[in-house]
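Going by this note's numbering, the sequence shown opens with residue 57, and the numbers climb by one from there. What follows is a short report on a single structure.
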Amino acid sequence: MVNLTINNMKVSVQEGTTILRAARSVGIEIPHLCYWEGLNDIGACRICVVELTGMEKLVSACNTEVEEGMEIYTNSPKVRQTRIVNLRLILSEHDCTCAICTRSGNCALQTIARDLGIADPVYKDITERFNWNREFPLIRNASKCIKCMRCVQVCDEIQSVHVWEMTGTAQRTSVGVRDGLPIDSANAKCSLCGQCITHCPVGALRERNDTEIVLDALADPEKVVMVQFAPAVRVAWGEKVGMHRVEQTTGKLVAALKQIGFDYVFDTVYSADMTIMEEGSELIERLKHREDYSWPMFTSCCPGWLRFVKSEFPDYVQNLSTAKSPQQMFGALGKTYMAEKLGIDPSKIFAVSIMPCTAKKYECDVEEVNDSGFKDVDVVITTRELDNLIMADGINAENLPEASFDDFFGEGTGAGVIFGATGGVMEAALRSAYFLLTGDNPTADAFKNVRGMEGWKEATFAVAGAKVRVAIASGLGNARRLLTAIDSGKVAYDFVEIMACPGGCSGGGGQPITDGTEMACVRGEELYGIDSTQPIRFSHENPSVIMTYEEYLGAPMSHRAHELLHTNAEAWNLLPKFHTSYKSDNAED
Numbered sequence: 057m058v059n060l061t062i063n064n065m066k067v068s069v070q071e072g073t074t075i076l077r078a079a080r081s082v083g084i085e086i087p088h089l090c091y092w093e094g095l096n097d098i099g100a101c102r103i104c105v106v107e108l109t110g111m112e113k114l115v116s117a118c119n120t121e122v123e124e125g126m127e128i129y130t131n132s133p134k135v136r137q138t139r140i141v142n143l144r145l146i147l148s149e150h151d152c153t154c155a156i157c158t159r160s161g162n163c164a165l166q167t168i169a170r171d172l173g174i175a176d177p178v179y180k181d182i183t184e185r186f187n188w189n190r191e192f193p194l195i196r197n198a199s200k201c202i203k204c205m206r207c208v209q210v211c212d213e214i215q216s217v218h219v220w221e222m223t224g225t226a227q228r229t230s231v232g233v234r235d236g237l238p239i240d241s242a243n244a245k246c247s248l249c250g251q252c253i254t255h256c257p258v259g260a261l262r263e264r265n266d267t268e269i270v271l272d273a274l275a276d277p278e279k280v281v282m283v284q285f286a287p288a289v290r291v292a293w294g295e296k297v298g299m300h301r302v303e304q305t306t307g308k309l310v311a312a313l314k315q316i317g318f319d320y321v322f323d324t325v326y327s328a329d330m331t332i333m334e335e336g337s338e339l340i341e342r343l344k345h346r347e348d349y350s351w352p353m354f355t356s357c358c359p360g361w362l363r364f365v366k367s368e369f370p371d372y373v374q375n376l377s378t379a380k381s382p383q384q385m386f387g388a389l390g391k392t393y394m395a396e397k398l399g400i401d402p403s404k405i406f407a408v409s410i411m412p413c414t415a416k417k418y419e420c421d422v423e424e425v426n427d428s429g430f431k432d433v434d435v436v437i438t439t440r441e442l443d444n445l446i447m448a449d450g451i452n453a454e455n456l457p458e459a460s461f462d463d464f465f466g467e468g469t470g471a472g473v474i475f476g477a478t479g480g481v482m483e484a485a486l487r488s489a490y491f492l493l494t495g496d497n498p499t500a501d502a503f504k505n506v507r508g509m510e511g512w513k514e515a516t517f518a519v520a521g522a523k524v525r526v527a528i529a530s531g532l533g534n535a536r537r538l539l540t541a542i543d544s545g546k547v548a549y550d551f552v553e554i555m556a557c558p559g560g561c562s563g564g565g566g567q568p569i570t571d572g573t574e575m576a577c578v579r580g581e582e583l584y585g586i587d588s589t590q591p592i593r594f595s596h597e598n599p600s601v602i603m604t605y606e607e608y609l610g611a612p613m614s615h616r617a618h619e620l621l622h623t624n625a626e627a628w629n630l631l632p633k634f635h636t637s638y639k640s641d642n643a644e645d
């Protein structure tokens, strides 16, 4: 143990502990901007500086380890003054129009400036400006960038995609797309995972705002507006609107959506169960005719992963399941079978998806994924955009009564719910694949070994006398390691689940942001908790799924199912024509 003093308090911590963590252990929070534990500790912002007795120069607390006998002051006059100067210099390069910033009220820079009592600018405004394709699902506002390098680090170290890089020197230092490429260039290789957004401490990065498109549709009396929301949304939507985790129930979310004005509210868990039926059946077909296919079979419901594999490992695109994502299956069924079942003219349906994901904004615009005769999903908004709609309407979600999904397509199973957690698609698929092969259900938790936050997991299960080798990866850096190992022959699998975001959709790039904290594990555990309490935990037992096949599709992998629920990812354009109805806000060019 190392003994030291912080603000005249005696402290004992393990050797190797940083000053920042040592102070936190006794309830002293040192302000910081660029630091993110385990990711970024470069001390670039100089906001976390502290004073050491006997040393004239201030040191950064985030990357300075404690030493025996240290006397540290985190709030001395010298520290306060230095922090204020450093923060004012940062603010001189930052667009401070906070009222119309997407991160207003949830911005580390704004909070620290307020806490330090900074009210007036002192230094000349030198904010950076440049053009950006504002139809692209990911938006960068250069005038808000504080050069903390978090986006660079998460893209390089966690996702291994290397989209961002530091350019220029001194006052002209900036962050840009690597090699000076435009972000909408295929060579930029952006997966649209959105991890740079969730790790940015300010509003320099955000998703394209599509809420006005939704509001326009809701105001159109000629449109019937359907909304679906993903499994991971139900365990995150209340965070931004100030609800306790146990209060953010699905019933209250349905009630909030009805108050906003949606005509029909449905559960993407229904189409997650449909995905399992199609994908599980496809896996069985491949296993029965192994010699006709390339192995392993990869899941295909994550568009960030699809963009990554098409850009980085194109030879493996043929290994992707042809099953569409739950979002797109819902859209295709919404404007065909569901429209017929509910007696609605499909041309009048406007389909909205609420997703924990920024890449879903790309997916819905891919022409090759639309098979209903219309645009299957008209617009995607993130969980954050959903919360903005709730707050804009002044809805007190905490006090809403519980409401139910609309008939037929709000029914889901525990298997569909766990789609939002890493390993969940694999586990749900194995539950139903076991039944489809044997005619009997396994125990619901028979495949729980695929759960957990490890970035790369593997397991082998006996199904109908055959061994099925599976692997799960979340985070594109882990996906790269796994694919490289498969490519070299070091490992071999039958079925692989990959999610672009660490922890799966629970940690998606469209989820509410808690600065400095990874929330995927907490949210994922909640999804497994929901699964454990569901009366039905197998996708093949979902009454609405059974009804859909009996009344419309016939059977999994039928001709009609292939027409509506499957796609050829090899034909997908990485740069589709994004919708042009986007209404500009915070114009910077």
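For glycine and all other residues, C-beta sits at the position ideal for the given N, C-alpha and C.
Taking only the alpha-carbon atoms, compute the straight-line gap between residue i and residue j and give it to the nearest angstrom.
{"i": "Ile-400", "j": "Ile-410", "result": "22 Å"}
{"i": "Cys-163", "j": "Asp-571", "result": "8 Å"}
{"i": "Ile-146", "j": "Arg-139", "result": "11 Å"}
{"i": "Ser-230", "j": "Asn-96", "result": "17 Å"}
{"i": "Ala-643", "j": "Met-299", "result": "Caution is warranted here: a pLDDT of 42 is assigned to Ala-643, below 50, making its placement in the model unreliable, and no coordinate value can be reported."}
{"i": "Glu-581", "j": "Thr-438", "result": "21 Å"}
{"i": "Val-67", "j": "Asn-59", "result": "6 Å"}
{"i": "Ala-286", "j": "Val-122", "result": "45 Å"}
{"i": "Arg-616", "j": "Lys-380", "result": "14 Å"}
{"i": "Asp-319", "j": "Val-82", "result": "52 Å"}
{"i": "Gly-563", "j": "Asp-235", "result": "29 Å"}
{"i": "Ser-488", "j": "Cys-358", "result": "20 Å"}
{"i": "Asp-645", "j": "Ser-199", "result": "For Asp-645, the pLDDT reaches just 39, beneath the cut-off of 50, and the residue's location in the model is therefore unreliable, although a value from the coordinates is still provided. Whole-angstrom Cα-Cα distance: 10 Å."}
{"i": "Lys-203", "j": "Phe-503", "result": "44 Å"}
{"i": "Arg-537", "j": "Tyr-549", "result": "14 Å"}
{"i": "Ala-388", "j": "Arg-579", "result": "28 Å"}
{"i": "Val-422", "j": "Pro-632", "result": "6 Å"}
{"i": "Lys-113", "j": "Thr-223", "result": "28 Å"}
Go through its chain and collect everything with a Cβ distance to residue i's Cβ below 7 Å, but skip five positions before and after it.
{"i": "Leu-532", "result": "Gln-215, Ser-216, Val-217, Ser-247, Cys-249, Phe-364 and Ala-556"}
{"i": "Val-506", "result": "Gly-479, Met-482, Glu-483, Lys-513, Ala-515, Val-526 and Ile-528"}
{"i": "Tyr-584", "result": "Ile-474, Ala-477 and Arg-507"}
{"i": "Val-210", "result": "Leu-95, Gln-251, Cys-252 and His-255"}
{"i": "Val-310", "result": "Val-321, Ala-459, Ser-460 and Phe-461"}
{"i": "Val-297", "result": "Asp-443, Ile-446, Met-447 and Ala-453"}
{"i": "Tyr-349", "result": "Arg-342"}
{"i": "Ala-312", "result": "Ile-446, Ile-451, Ala-453 and Leu-456"}
{"i": "Ile-62", "result": "Ala-78, Ala-79, Val-82, Ile-84, Ile-128 and Thr-130"}
Around the C-beta of residue i, are 16 or more other C-beta atoms found within 10 angstroms, so that it is buried, or is it exposed?
{"i": "Asn-598", "result": "buried"}
{"i": "Gly-336", "result": "buried"}
{"i": "Glu-510", "result": "exposed"}
{"i": "Pro-558", "result": "buried"}
{"i": "Phe-186", "result": "exposed"}
{"i": "Gly-545", "result": "exposed"}
{"i": "His-345", "result": "exposed"}
{"i": "Met-111", "result": "exposed"}
Go ahead and pull the three-state DSSP assignment for residue i.
{"i": "Glu-514", "result": "strand"}
{"i": "Ile-332", "result": "helix"}
{"i": "Phe-364", "result": "helix"}
{"i": "Leu-343", "result": "helix"}
{"i": "Glu-467", "result": "coil"}
{"i": "Ile-156", "result": "helix"}
{"i": "Ala-100", "result": "coil"}
{"i": "His-255", "result": "helix"}
{"i": "Asp-550", "result": "coil"}
{"i": "Arg-196", "result": "strand"}
{"i": "Asn-375", "result": "helix"}
{"i": "Val-58", "result": "strand"}
{"i": "Ser-81", "result": "helix"}
{"i": "Asp-587", "result": "helix"}
I think residue i touches residue j, with their Cβ atoms under 8 Å apart; what is that distance to the nearest whole Å?
{"i": "Leu-172", "j": "His-150", "result": "Wrong, their Cβ atoms sit about 15 Å apart, outside the cutoff."}
{"i": "Ile-385", "j": "Ser-327", "result": "With the sequence shown as reference, residue 385 is identified as Met, and Ile is not the correct amino acid for it. The Cβ separation is near 4 Å, so the contact holds."}
{"i": "Cys-104", "j": "Leu-76", "result": "6 Å"}
{"i": "Phe-517", "j": "Pro-352", "result": "About 14 Å separates the two Cβ atoms, so there is no contact after all."}
{"i": "Pro-402", "j": "Ser-428", "result": "7 Å"}
{"i": "Asp-434", "j": "Phe-406", "result": "5 Å"}
{"i": "Asp-323", "j": "Gln-284", "result": "7 Å"}
{"i": "Ile-168", "j": "Pro-277", "result": "About 47 Å; that fails the 8 Å criterion."}
Hey, does residue i have any beta-carbon neighbour from chain B nearer than 8 Å?
{"i": "Glu-441", "result": "In the structure shown, chain B does not exist; there is a single protein chain."}
Keeping to the same chain, check which residues put their C-beta closer than 6 Å to that of residue i; ignore five residues upstream and five downstream.
{"i": "Asp-212", "result": "His-218"}
{"i": "Val-325", "result": "Pro-287, Gly-468, Gly-472 and Val-473"}
Between which residues of its own chain and residue i is the CB-CB distance below 8 Å, once the five residues before and five after are set aside?
{"i": "Ala-244", "result": "Val-219, Val-233, Arg-234, Leu-237 and Pro-238"}
Quick check: is any heavy atom of the ligand GDP less than 7 Å from the C-beta of residue i?
{"i": "Arg-537", "result": "Looking for the ligand GDP in the displayed structure turns up nothing, as the structure carries no ligands at all."}
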